[in-house]
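In the working numbering, the protein residues as written are 1101 to 1371.
Think of the CB as a built atom: it goes at the ideal place given N, C-alpha and C, for glycine as much as any other residue.
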DNA sequence: ATGGGCACCTGGCTGC
DNA sequence: TGCAGCCAGGTGCCCA
């Protein structure tokens, strides 16, 4: 999916259009998401007002009066705002009907997305409680990254992809951040110096923020709440550019596989 | 505790 | 045209 920039772009769209509105109904068309959607959820959320729309890592949180809906977009999910009620199309999994007349619609071809509801503190929810600090907040800094990498034999790319260590960074932005920091994705995490960690933290932030400003990256399925794609793809430095010249030095960009995922890097810029 | 691999699912593209 | 094979923004879980 959707990595942090796409989720944050979605959050902003939903906040703009749905915060303060009241839920009229939840229509679940297909319960078979990553985990079966709780059949009691429609009755629980109906009639509640959406107080706020938040994000934790790649999860969207709809804070209601008496609980919180926890939504994940998976690999191929998107959440759109539609004016009025429109007919269900392929892969539309659920609709949140608002009293204003608008519809919040979740579409997810691969059904890796998820939807939960909790009346407890969402931070303590099983899916959220072990997540690393937010990458755009102060807790994610050079000290933190240096500390957690000291005994890690795994490659730094794998550490960036591990949600218990670093959140929000997925396959695209892991490659992008490492390129910006001039660090090889294969480098053992514990081989990063303090200066490397400081540079990588800045690079992660810069990559995520730049993508947020462009409305995220659309490779295939992702669209923002207005139905438009994100425009960051054309500004990617390295992702999906194997065989093409590095934008900085002209060397041929390489693709390797790490943890069954593609990694892109420049063999001469990144050490 | 850490790391590696698998699983979940649909669809688009490539090459024979 | 058809079909097999590979690839795709994630992440929980099981096993060594």
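Which stretch, first to last residue, makes up the beta strand (DSSP E) that contains residue i?
i, result
"residue 1178", "1178-1182"
"residue 1191", "Careful: residue 1191 lies outside any beta strand (DSSP E) and carries neither H nor E."
"residue 1206", "1203-1207"
"residue 1334", "It is not in any beta strand (DSSP E) - residue 1334 carries neither H nor E in the DSSP assignment."
"residue 1169", "1168-1172"
"residue 1107", "Run containing residue 1107: none in the beta strand (DSSP E); it sits in the alpha helix (DSSP H), 1104-1118."
Short check: CB of residue i to CB of residue j, under 8 Å?
i, j, result
"residue 1268", "residue 1234", "yes"
"residue 1306", "residue 1273", "no"
"residue 1114", "residue 1236", "no"
"residue 1167", "residue 1217", "yes"
"residue 1296", "residue 1312", "no"
"residue 1344", "residue 1353", "yes"
"residue 1174", "residue 1120", "no"
"residue 1358", "residue 1232", "no"
"residue 1327", "residue 1180", "yes"
"residue 1257", "residue 1278", "yes"
"residue 1263", "residue 1157", "yes"
"residue 1188", "residue 1129", "yes"
"residue 1364", "residue 1106", "no"
"residue 1294", "residue 1246", "yes"
Distance, Cα to Cα, residue i vs residue j?
i, j, result
"residue 1193", "residue 1131", "8 Å"
"residue 1348", "residue 1147", "54 Å"
"residue 1153", "residue 1197", "16 Å"
"residue 1145", "residue 1164", "8 Å"
"residue 1332", "residue 1176", "17 Å"
"residue 1366", "residue 1338", "8 Å"
"residue 1252", "residue 1210", "33 Å"
"residue 1190", "residue 1133", "14 Å"
"residue 1222", "residue 1150", "15 Å"
"residue 1299", "residue 1281", "6 Å"
"residue 1342", "residue 1104", "24 Å"
"residue 1117", "residue 1325", "9 Å"
"residue 1100", "residue 1350", "Since the displayed the chain opens at 1101 and closes at 1371, residue 1100 lies outside it and no answer follows."
"residue 1138", "residue 1110", "23 Å"
"residue 1127", "residue 1346", "47 Å"
"residue 1266", "residue 1230", "11 Å"
"residue 1143", "residue 1219", "13 Å"
Out of the options, point me to the one whose CA is closest to residue i's CA.
i, options, result
"residue 1186", "1277, 1206 and 1280", "1206"
"residue 1159", "1178, 1318 and 1142", "1178"
"residue 1125", "1201, 1335, 1358 and 1303", "1201"
"residue 1108", "1298, 1263 and 1316", "1316"
"residue 1242", "1161, 1261 and 1301", "1301"
"residue 1304", "1135, 1155 and 1276", "1276"
"residue 1291", "1249, 1157, 1323 and 1127", "1249"
"residue 1208", "1356, 1102 and 1334", "1102"
"residue 1122", "1199, 1215, 1318 and 1293", "1199"
"residue 1215", "1161, 1340, 1356 and 1336", "1161"
"residue 1136", "1368, 1171 and 1334", "1171"
"residue 1259", "1238, 1239, 1289 and 1240", "1289"
How is the alpha helix (DSSP H) around residue i delimited, first residue to last?
i, result
"residue 1144", "1141-1145"
"residue 1318", "Here residue 1318 belongs to no alpha helix (DSSP H), and DSSP marks it neither H nor E."
"residue 1246", "1242-1249"
"residue 1274", "1271-1281"
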